[in-house]
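Encoded as structure tokens, the structure appears first; notes follow it.
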Amino acid sequence: MAVSFVSPLFWQIEFIVQNGLASKKEVKTSVAELDKLVELYGHDARVFLVRSLFAVIDFRKEHHSHQQHQVNLLSQTMIQLSTQPNFGTILCLALTGDGTVNSNGQPGKQGPIDQSFIGSLCRVLKLPVPQRIIIGVALASWEAHDDISVSGKNFLAATLLDISEKERKEKKDNKDKKDNKDNKEQKENVAGGGATDDTISPLLSKVPAPVLHQLAHTMLVQHARGEESKQGDDATNAVLRAALASRSDGTATALMLLRRDSDLYMSSLNDNEKTNAERQVTRLVSNPLSLIDATASIASIASTASTASTASLASLATNSTSSSATSNMDQLRAKVEASINIADVLVDLGYAATESNNAFREVLSICNVQLTSEDVARMLVAMSTYGGASHSSTSSRPERQGLSKQKNVPKVSRRPGLFVVLHFVVVLSFFGCCLFCLFFFLGPTDNSLATTFAPCLMVLLLFITLWYPFFTPPPSPSPPGRRIGDRERRRGIGQCIARDDEWCVG
Amino acid sequence: MSGALGESKAKGAGALRAATANDGGGVDLPQPKKWSMDVLLNVIREDYVVKNVFSWKDVARSFDHVGFEIVSKQQFEFLVNALRDGIGNKGALLPMSWFWGRWSNATGQLSVFKHALSAKKMLSWSSTNSTTNSTTNKTSPVLPWNSPELIASLLDIAVGTEQYQIVRQMFEIPLRQCPDSLLINLSRVQPIWTRLKSNLIDILLPQFLTMSHPQSIPVLKTINEIDPGVLEKGAVSMYKVRVGGEKVVAWIVHARF
Numbered sequence: 054m055a056v057s058f059v060s061p062l063f064w065q066i067e068f069i070v071q072n073g074l075a076s077k078k079e080v081k082t083s084v085a086e087l088d089k090l091v092e093l094y095g096h097d098a099r100v101f102l103v104r105s106l107f108a109v110i111d112f113r114k115e116h117h118s119h120q121q122h123q124v125n126l127l128s129q130t131m132i133q134l135s136t137q138p139n140f141g142t143i144l145c146l147a148l149t150g151d152g153t154v155n156s157n158g159q160p161g162k163q164g165p166i167d168q169s170f171i172g173s174l175c176r177v178l179k180l181p182v183p184q185r186i187i188i189g190v191a192l193a194s195w196e197a198h199d200d201i202s203v204s205g206k207n208f209l210a211a212t213l214l215d216i217s218e219k220e221r222k223e224k225k226d227n228k229d230k231k232d233n234k235d236n237k238e239q240k241e242n243v244a245g246g247g248a249t250d251d252t253i254s255p256l257l258s259k260v261p262a263p264v265l266h267q268l269a270h271t272m273l274v275q276h277a278r279g280e281e282s283k284q285g286d287d288a289t290n291a292v293l294r295a296a297l298a299s300r301s302d303g304t305a306t307a308l309m310l311l312r313r314d315s316d317l318y319m320s321s322l323n324d325n326e327k328t329n330a331e332r333q334v335t336r337l338v339s340n341p342l343s344l345i346d347a348t349a350s351i352a353s354i355a356s357t358a359s360t361a362s363t364a365s366l367a368s369l370a371t372n373s374t375s376s377s378a379t380s381n382m383d384q385l386r387a388k389v390e391a392s393i394n395i396a397d398v399l400v401d402l403g404y405a406a407t408e409s410n411n412a413f414r415e416v417l418s419i420c421n422v423q424l425t426s427e428d429v430a431r432m433l434v435a436m437s438t439y440g441g442a443s444h445s446s447t448s449s450r451p452e453r454q455g456l457s458k459q460k461n462v463p464k465v466s467r468r469p470g471l472f473v474v475l476h477f478v479v480v481l482s483f484f485g486c487c488l489f490c491l492f493f494f495l496g497p498t499d500n501s502l503a504t505t506f507a508p509c510l511m512v513l514l515l516f517i518t519l520w521y522p523f524f525t526p527p528p529s530p531s532p533p534g535r536r537i538g539d540r541e542r543r544r545g546i547g548q549c550i551a552r553d554d555e556w557c558v559g
Numbered sequence: 031m032s033g034a035l036g037e038s039k040a041k042g043a044g045a046l047r048a049a050t051a052n053d054g055g056g057v058d059l060p061q062p063k064k065w066s067m068d069v070l071l072n073v074i075r076e077d078y079v080v081k082n083v084f085s086w087k088d089v090a091r092s093f094d095h096v097g098f099e100i101v102s103k104q105q106f107e108f109l110v111n112a113l114r115d116g117i118g119n120k121g122a123l124l125p126m127s128w129f130w131g132r133w134s135n136a137t138g139q140l141s142v143f144k145h146a147l148s149a150k151k152m153l154s155w156s157s158t159n160s161t162t163n164s165t166t167n168k169t170s171p172v173l174p175w176n177s178p179e180l181i182a183s184l185l186d187i188a189v190g191t192e193q194y195q196i197v198r199q200m201f202e203i204p205l206r207q208c209p210d211s212l213l214i215n216l217s218r219v220q221p222i223w224t225r226l227k228s229n230l231i232d233i234l235l236p237q238f239l240t241m242s243h244p245q246s247i248p249v250l251k252t253i254n255e256i257d258p259g260v261l262e263k264g265a266v267s268m269y270k271v272r273v274g275g276e277k278v279v280a281w282i283v284h285a286r287f
């Protein structure tokens with residue numbers, strides 16, 4: 054993101070992060086102000102806040118006592134953001150630029166983003182396991198930088214290995230305790246096989262289903278490429294299988310079916326003949342849009358592979374799956390193309406779309422649309438709605454008629470505050486002083502004190518009066534909350550009632 | 031999804047246009063400040079209307095889609111002028127017969143009629159698809175309320191309970207200004223009895239049955255020719271409400287005569 058530091062908003066955020074959070078006394082007010090700024094200005098402010106925090110905190114250091122507040126704020130922000138679907142984008146945008154990585158991939162002042170950096174990042178911020186997994190998945194899918202993607206995958210593998218070891222230790226402790234109580238149960242549990250049990254993984258249970266899906270896909274591809282050791286492969290397989298077993302959604306079911314006959318299926322993937330099948334299946338698994346048909350397809354693959362004794366049948370089944378996936382994508386593409394409304398395209402393009410006959414024909418040809426009478430009707434309605442000339446001198450984008458007049462837009466009513474009172478005081482004083490001077494200059498009495506101070510006071514008040522408009526506060530941003538919708542505005546029913554903290558349509 | 035795709039398509043088209051227009055010279059061309067209706071109409075006329083893919087009447091009929099509603103006079107004039115220019119004859123009147131009938135979007139149709147009734151100059155209310163200019167046509171132009179199709183369409187819209195009051199208010203003007211033609215055209219409308227039609231006839235008919243209107247006799251004769259049931263029903267309802275039986279007999283005699 055090309056950040057313009059001309060913006061006072063970014064200056065303010067950076068100032069608070071660098072100075073406000075550094076002193077104990079101003080922490081509360083600084084955090085509150087940052088919250089307000091993020092709430093008012095939205096996505097860009099949030100990204101810049103995270104980026105500023107990344108730039109301030111030195112993750113290579115062991116101790117961060119002097120940056121404790123920045124670390125706490127970043128930790129809270131990361132945990133809060135990790136639940137949002139665009140967390141990966143925010144993280145990548147925050148890491149690009151001042152913090153760690155330049156846009157051209159060169160390492161920033163904190164050095165390259167490798168596995169150790171990600172580990173220290175999670176350790177410094179004291180992030181729980183789900184957030185670590187989410188960060189790892191986000192970085193692993195950052196395809197713009199291969200080295201960061203590999204680091205993310207390695208970090209994920211290491212994290213899963215740690216989780217499997219932790220769970221193995223816990224199970225061992227539990228079994229030891231049970232051994233003391235009942236010897237018979239101990240023998241049965243040992244025969245069951247420790248870490249490979251399909252029990253619910255408590256550490257991964259809080260990871261969101263899409264992230265778990267992406268994690269399974271990433272690790273599956275990595276295993277198929279042989280980028281991990283056999284021991285780590287087994288351990289992560291066990292952890293993933295346990296985590297997926299605890300889910301009841303379609304993705305988990307599909308992956309479980311895929312892994313049910315993993316011996317035959319994974320061996321076919323690990324062969325040299327695997328490439329096509331691997332690509333198709335991983336694409337199928339990683340594509341949530343084809344999930345519905347993919348689940349059935351994968352089930353058919355698994356059943357076919359379990360009954361057949363050769364890998365060729367499995368590959369045949371996979372090829373059939375790939376063709377069904379392709380047809381699904383074609384259907385999806387056809388649906389998407391059918392949903393394109395030429396009137397929306399016209400509005401998006403703006404007035405330039407009808408600049409000339411050739412330009413308009415070019416638009417139609419790009420959209421690959423054979424116009425119908427309904428399309429023309431919709432275009433005319435859109436043009437009538439977004440008619441007239443744009444108020445901006447540079448923009449050629451159409452504006453909705455009536456909005457520029459702000460007829461029904463609620464006005465923020467200013468209460469008569471300190472500035473209004475001050476305004477009246479200054480103006481009245483100025484005129485009073487004028488009268489005072491006039492009286493003493495033209496009056497019969499000769500008061501030297503009054504004739505000396507009155508002109509000075511008059512000049513001073515004149516100066517304040519002239520400069521007063523420059524000291525008035527900037528207009529406050531519009532209050533958050535529900536605004537009048539375009540539909541309601543069109544219908545002219547936007548009689549607005551201002552309540553305490555929200556705007557609603559009466 | 032369509033919006034996002036539209037945007038992407040738009041960006042591509044915009045980039046293409048900028049590339050073809052600027053030729054890499056780096057000189058910003060002046061951006062247009064409004065839609066060029068001539069361009070749109072020319073392309074549609076040359077590529078579709080002339081080739082009989084669809085006609086302008088089909089375009090007018092296609093306003094019957096979800097979400098269509100005219101909210102301002104400017105929007106109505108924009109659409110009417112677009113269709114008039116699309117027809118190609120300068121000074122042509124837009125035939126309102128294109129908008130008659132039963133629409134699935136009754137709100138949109140009602141908004142068309144509402145604005146059309148206040149902008150009579152650009153429109154032709156004739157039952158035929160005549161688009162000739164009123165100045166060239168020697169006969170007097172057909173007033174909106176002389177059109178049974180308009181009344182039938184409005185009555186049809188009013189069947190829905192949501193639009194009843196709005197349509198009822200629209201009939202206030204002809205009730206005051208031209209009750210005779212409204213009553214005659216109401217009697218021509220099929221189906222015979224709807225709630226709003228009954229309401230309007232109950233209001234109008236007593237004016238003529240009591241001979242308080244100067245055109246009472248000719249109007250009653252015409253109604254009797256079109257639909258005698260209207261007169262009988264009106265007379266019976268008046269008998270129940272207001273007056274005695276002798277006058278009712280006299281009215282019927284007058285009417286039959």
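Going down the list, the sequences are from chains X and Z. So the first sequence is residues 54 to 559, counted in my numbering. So the second sequence is residues 31 to 287, counted in my numbering. Even for Gly, the Cβ is constructed at its ideal location relative to N, Cα and C.
Item to check | Opposing strand residues paired with Z:Pro125 [DSSP bridges] | outcome: Z:Ser154
Checklist entry - Can you tell me the Cα-Cα spacing of X:Cys509 and X:Glu86, whole angstroms? => result 42 Å
Checklist entry - Taking Cβ positions only, does X:Val422 come closer than 7 Å to chain Z? => result no
Checklist entry - Using the rule of at least 16 other Cβ atoms within 10 Å of the residue's Cβ for burial, across every protein chain shown, is X:Val416 buried or exposed? => result buried
Item to check | Interface flag, X:Thr142 vs chain Z, CB-CB below 7 Å | outcome: no
Item to check | Close-in-space but distant-in-sequence residues of the same chain around X:Val512 (CB under 6 Å, 5 per side omitted) | outcome: none
Checklist entry - Which residue comes first and which comes last in the alpha helix (DSSP H) that contains X:Lys39? => result There is no way to answer for residue 39 of chain X, as the model of chain X reaches only from 54 to 559.
Checklist entry - Can you name, in chain order, every residue of its own chain whose Cβ lies under 8 Å from the Cβ of X:Ser202, other than the five neighbours on each side? => result Leu192, Ala193, Ser194, Trp195 and Glu196
Checklist entry - Considering only C-alpha positions, which residue in the set X:Val480, X:His266, X:Leu293 and X:Gly95 is nearest to X:Ile216? => result Residue nearest to X:Ile216 within the set X:Val480, X:His266, X:Leu293 and X:Gly95 is X:Leu293 (criterion: CA-CA distance).
Checklist entry - With distances taken from CA atoms, which of X:Phe63, X:Thr82, X:Phe112 and X:Lys224 is nearest X:Ser128? => result X:Phe112
Item to check | X:Asp167 vs X:Ser204 beta-carbon contact at 7 Å | outcome: yes
Checklist entry - Ends of the alpha helix (DSSP H) at X:Leu87? => result Val80 to Tyr94
Item to check | Local conformation of Z:Thr224 per DSSP, three classes | outcome: coil
Checklist entry - Roughly how many angstroms lie between the CA atoms of X:Ala75 and X:Asn227, to the nearest whole one? => result Taking the straight line from one Cα to the other gives about 46 Å.
Next on the checklist: Less than 7 Å between the C-beta atoms of X:Phe107 and X:Ile66, yes or no?
Outcome noted: no
Item to check | Candidates Z:Gln193, Z:Asn176, Z:Val189 and Z:Ala182, of which the one nearest Z:Cys208 by Cα | outcome: Z:Asn176
Checklist entry - Does X:Ala387 get closer than 7 Å to chain Z when you measure Cβ to Cβ? => result no
Item to check | Residue environment, Z:Ser134, which counts as buried when at least 16 other CB atoms sit within 10 Å | outcome: exposed
Checklist entry - Over what stretch of residues does the alpha helix (DSSP H) that includes Z:Tyr78 continue unbroken? => result Looking at the DSSP string, Z:Tyr78 is not in any alpha helix (DSSP H), and its letter there is neither H nor E.
Next on the checklist: Check for me: the alpha helix (DSSP H) holding X:Met571 runs from which residue to which?
Outcome noted: With chain X covering only 54 through 559, there is no way to say anything about residue 571 of chain X.
Checklist entry - Which of helix, strand or coil does DSSP assign to X:Thr149? => result strand
Checklist entry - Can you give the Cα-Cα distance for Z:Leu226 and Z:Thr252, rounded to whole angstroms? => result 21 Å
Item to check | Among X:Lys206, X:Asn233 and X:Lys231, nearest to X:Gln267 - alpha-carbon criterion | outcome: X:Lys206
Checklist entry - Within the 7 Å Cβ cut-off, does Z:Lys64 reach chain X? => result yes
Next on the checklist: Applying the 10 Å Cβ sphere with the 16-neighbour rule, what's the burial state of Z:Trp130?
Outcome noted: buried
Item to check | Backbone secondary structure at X:Phe483 - three-state DSSP | outcome: helix
Checklist entry - Under 8 Å Cβ-Cβ, which residues of chain Z neighbour X:Arg185? => result Going along chain Z, no residue has its Cβ under 8 Å from X:Arg185, so there is no contact; the nearest lies around 32 Å.
Item to check | Counted within 10 angstroms of its Cβ, other Cβ atoms place Z:Pro154 as buried (16 or more) or exposed | outcome: Residue 154 of chain Z is actually Ser in this sequence, not Pro. By the neighbour-count rule (16 or more Cβ atoms within 10 Å), Z:Ser154 is buried.
Checklist entry - If the cut is a Cβ gap below 8 Å, which residues of chain X does Z:Asn72 touch? => result Asn410
Checklist entry - If you draw a straight line from the alpha carbon of Z:Asp88 to that of X:Ser426, how long is it in whole angstroms? => result 6 Å
Checklist entry - DSSP on X:Val70, reduced to helix/strand/coil? => result helix
Item to check | Sequence-distant residues of its chain with Cβ nearer than 8 Å to X:Gly190 (five each side left out) | outcome: Per the sequence presented here, residue 190 of chain X reads as Val, with Gly not at that position. If we look at X:Val190 and ignore the five residues flanking it on each side, its Cβ neighbours are Gly141, Gly205, Leu209, Val264, Gln267, Leu268 and Thr271.
Item to check | Length of the line joining the Cα atoms of X:Glu79 and X:Gly73 | outcome: 6 Å
Checklist entry - If you run the structure through DSSP and keep just helix, strand and coil, what is X:Gln120? => result helix
Next on the checklist: Tell me the DSSP secondary structure of Z:Asp288 in three-state form.
Outcome noted: Any property of residue 288 of chain Z remains undetermined from this structure, which presents chain Z solely from 31 to 287.
Checklist entry - For a contact meaning CB atoms closer than 9 Å, what does Z:Ala112 contact in chain B? => result Absent from the structure: chain B. Protein chains present are X and Z.
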